[in-house]
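Accompanying notes for the structure given below.
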Amino acid sequence: MLALTANDIRLGCRAADWRDALTLASRELEAAGRTTPDYRQGLLDREAQSSTVLGNGIAIPHGTPQSREHVISTGIRVLQFPDGVTWHDGARVHVLVTIAAQSDEHLDILRHLTRVLDKPGLAEQLATATDADTLLASLSKPPVTPRCDRDTLLLKVPAGDARELALLAAGRLLSLDCVEPGFIAGLSAQTPQPLGQGLWLVQAGNDVQQPALAIATPAQPGDDLNGVLCLAARGADTQPLLEQIDHLLSQPEPLANLSADELLARLSGESANAVTRQVALLNAHGLHARPAKQLVQVARQQPAPLKLRLLEGDAQSVSATSLTRVISLGARRGQTLVIAASGEGADASVAALAEAIEGGLGETVTPLNSARRETVQPVETADPEPLTPDEPIKAVAASPGLAVAPAFVMRLPKFEYAATATHADGEKQRLNQAVDAAFEQLQALIRRAEGGEAGPILAVHAEMLRDDDLHQAAFDLIGEGASAEAGWWQAIDTAAAAQEALADRLLAERAADLRDVGRRVLANLCGVSLPTPPDEPYILVADDLGPSDVARLDTQRVRGLVTARGGATAHSAILARALGLPAVVGVGERLLTLETGIDVVVDGERGCIVPAPGTERRQRLEQRLHQLRQLQAQAHDARHDPASTRDGHRVAVCANLGNTAHTPEAVERGADGIGLLRTEFIFMAHSEAPDQATQEKEYGEAFDALDGLPLVARTLDVGGDKPLDYWPLPAEDNPFLGLRGIRLSLTRPEILETQLRALLSAAGERPLRIMFPMVKDRAEFRAAKALLDRLREEIHAPDVQVGMMIEIPSSALLAPTLAPEVDFFSIGTNDLTQYTLAIDRGHPELSADSDGLHPAVLHLIRMTVEAAHEHGRWVGVCGELGSDPQAIPVLLGLGVDELSVTSRRVPLVKACIRNLNQSDARALAQRALQQATAADVRDALEGAVWQGS
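Residue numbers (this note's numbering): -5 to 943.
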């Protein structure tokens, strides 16, 4: 962004007239190497169009778009004229802010300068400044813009009282970075103050980053509760928000009846009977000085006072007759201006200004949809080349393990149906019946999957079938003449395409879930059966798999999964890991050239498949499988023995669980405890936040099954990529870098408090370890721990440790400052790797490079362990790296005290540790740390460790 600095300022200039002043400015830019001499004519041409004077002694000369060819590089020069220069429009100018811009950078300078024009005595300050820093200070004003917009509104949210609404509103301000956690702490001790009309106010001024007003309304309003206003106040900058509250209270209509647009209109001061009109701004460079000046001139000619605001912006309206205020809107092409007027002549005034804006305000404009479209000729694509027998194909490792069996290629059935139908009511009835049948089918699958990983995902599918928007889209198409089949599938395909267009890879992959639901209904409509696998063992091969496909699998027969599409975070991959099936995904369209019955090797460790393996390869595979089965049998027999190295170093091996129902199974498999309980499963299984009794029952079942073994519970970890219906959040471009983990929980401290109460109460005398996810530094940990410490004074639970996840590079780098605060660290290597290497581990092209054995990740682990051990704290690893045979000795050598893996892997990981010497592991770790890439690390470790998978 173009910015003013003291080096750009020239003091004490003199000019005979405004043309002479422009000549001086042009020469300064030329001397700085910013422009050629011809740029001066561009400055004069721009003044011929309209004056560039902003007011209060400031002008901002800049060239026309045609003169940009004379700009060598973007730059700026500020010339002070103490005696002033009379401009061609009669204004007296003391400072020229002269800009040479290759694009539209001058618009940012323009918007910044409009913020200082109301400074008292500005013209005199500009004329009398004697040094560059003083002049720069006069032209500078930190842009503090109070926030009250669509994102600060929480409408019709489930809440029981004003206090809960207040905390929700405060949490929204925290999520928008308007306030810090201390703001919520300050509000939590307040009692909301009545404003009348069923409205309540809470306000605080501590830990405010940006003045803001959040408004929360209840789903079920009453006479005594229509909404809560949460004000983050900061001195005089809060004044516009107080004016908006005054606008709100001046009109009697209940707040709970208003839509977001209506509420923003009321906040802006528009009366209920105001004449309004929305107009799209078509000017290529937005509402810069020249069109803004034209707009102001038109507004001043109208009989009724006119106001403007941005539909996409906040609720702050400005007078349409103030040039500086209009420019300060910062309106861009494509944004919508809302024009409003009241009183006599309002209709004509609004119409005249709308006509002027639509006409371009003196500039040539083009409609938003008139951009030239190039005709793309369809490209004929050749059929994919068949896979070569006995040739390995590298893809994405989705679930570890090794298998070889005949392929069952699950090709989707062809749905043949009429595109149109004449009896809409009959078609809608058919669709309803097919949806109901699909719902019953899903309920049956959910019952079969009870207690398993598939259950919650299938429950989401059932909810998709109840999506009113999806039904309405299909009904609308049927009403227009489509058949039930055509209307339903077009609605599904449109919604899925919208998902696939999302920038976030994980959310885009959920389009497969939507199509899975859609095909189930379509099969019911067409009377078509979904593919049925063979009775003998097989490798399931498909373009992509939905959760219901995986949930129907008979794990006694299926040996592995391979898909052409998908990533490591797809639901099919998640479920494959939970079922212990080797899986490779993202192979590409060549995969579908396979024929059912051809043998396929699935290597889920290395992320590759081999079609039709040759005799020699098959013999090696059979030998490897035989050895693996022997190792698995031996590991199973010794599963309850401690995991101690040959030289006597013991390591705890615990289980990662996504559901407390699996706790007995984990204990039976020899787990030394639960190293990671993903508690969000409880929250995702309910339509509202589960109460303390519900959570306490779930956690209590886990403690009972553990029978004295420790339970490490991660507090709720949801966010933009795992939303909860009852916890509305603003849309995020990148949910993985947004509101999730402890950041999100601190916005709703009452939910976090309920969870902590349930955990402590369920634990009683039994060992409980609580860890907070996605902690970036000490401040976040302390905010969460303060809440827990208060509860521990109330609830008797003597065997409790408090720790945090190391998932963000900052927390690993800050481990020396965090270690004294915690009882333990648990390293989530999946996210730590993703954030350290800046690679989405589900990316179909890059995920193979997202390797936790990368030396950068290993160094972060080393730093974490060293800091923890220096303060007598223990360190666990709960990511997938903990079950990687090559990584296990490296982790032990780095000093990791605990490994937490899927329960199916516990016996094998224990067996691997028993085959190691701690002294050898340290040497391997040092060797790994000295490498440059993950591939180098694996090469260096090759053959040095037991390959147990």
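Glycine is no exception: its CB is placed at the ideal position from the N, C-alpha and C atoms.
- Setting aside the 5 residues that flank it on each side, A156 is surrounded in the same chain by P186, W194, L219 and V222, each with a C-beta closer than 7 angstroms to its C-beta; the list follows chain order.
- Assigned with DSSP and collapsed to three states, R663 falls in coil, not helix or strand.
- Just so you know, the alpha carbons of L710 and L289 end up roughly 52 angstroms apart.
- In this structure, I745 is the residue among I333, L831 and I745 with its C-alpha nearest to the C-alpha of T673.
- Secondary structure within the segment 798 to 858: the alpha helix (DSSP H) runs of 4 or more consecutive residues, fully enclosed, are 803 to 807, 809 to 812 and 823 to 831 (chain order).
- Judged by DSSP in its simplified three-state form, E158 adopts helix.
- Across the structure, S844 and T827 are spaced so that their CA atoms are roughly 7 angstroms apart.
- A Cβ-Cβ distance of about 3 angstroms is found for the pair G887 and A919, placing them in contact under the 8 angstroms criterion.
- 7 angstroms or more divides the Cβ of P140 from the Cβ of P188.
- With fewer than 16 neighbouring CB atoms inside 10 Å of its own CB, H82 falls in the exposed class.
- DSSP, reduced to helix, strand and coil, places K408 outside both helices and strands of the structure shown, so it counts as coil.
- The Cβ neighbour count for Q233, taken over all protein chains shown within 10 Å, is under 16; the residue is labelled exposed.
- If the five residues before and after R898 are omitted, its C-beta is found closer than 8 angstroms to the C-beta atoms of G574 and R663, all from its own chain and listed in chain order.
- Looking at the backbone, the Cα of A85 and that of I52 are separated by about 9 angstroms.
- With contacts defined by Cβ atoms closer than 7 angstroms, L519 and A413 do not form a contacting pair.
- For L762, there is no enclosing alpha helix (DSSP H); the residue is found in the beta strand (DSSP E) stretching over L762 to F766.
- In the three-state DSSP reduction, N650 falls in the strand class (E or B).
- Three or more beta-carbon pairs drawn from the segment 911 to 929 and the segment 852 to 863 are found closer than 8 angstroms, and the two stretches are therefore classed as touching.
- Looking from the CA of H88, the closest CA among L733, T688 and A9 belongs to A9.
- Separation of G521 and R424 (C-alpha to C-alpha, rounded to the nearest whole angstrom) is 12 angstroms.
- In this structure, DSSP gives G192 a state outside helix and strand, which the three-state scheme calls coil.
- A contact between stretches requires three or more CB pairs, one per stretch, nearer than 8 angstroms, and the segment 296 to 306 fails this requirement with the segment 230 to 249.
- Between V869 and I802, the beta carbon gap of about 16 angstroms keeps them out of contact (Cβ cut-off 8 angstroms).
- A direct Cα-Cα distance of roughly 38 angstroms separates V596 from L807.
- Separation of the CB atoms of S894 and L670 is rounded to 5 angstroms, and the pair is thereby assigned contact status at 8 angstroms.
- Here P386 is not bridged, per DSSP, to any residue.
- The C-alpha of L754 is placed about 34 angstroms away from the C-alpha of A226.
- Taking 7 angstroms as the cut-off, the beta carbon of P212 is found closer than this to the beta carbon of A153.
- Annotation: the continuous alpha helix (DSSP H) that includes W12 extends over W12 to A25.
- In this chain, the beta strand (DSSP E) harbouring T557 covers V552 to T557.
- Contact between R908 and S638 holds, with the beta-carbon distance rounding to 7 angstroms and staying under 8 angstroms.
- Contact check for G57 against L37 passes: the beta carbons are separated by less than 7 angstroms.
- Taking the C-beta atoms as reference points, L181 is found no nearer than 7 angstroms to V173.
- Our two residues, R633 and A660, have alpha carbons roughly 11 angstroms apart in a direct line.
- DSSP places S894 inside the beta strand (DSSP E), whose first and last residues are E892 to T896.
- The beta strand (DSSP E) runs of length 3 or more contained entirely in the segment 169 to 230 are, from start to end of the chain, 187 to 190, 193 to 198, 206 to 212 and 221 to 226.
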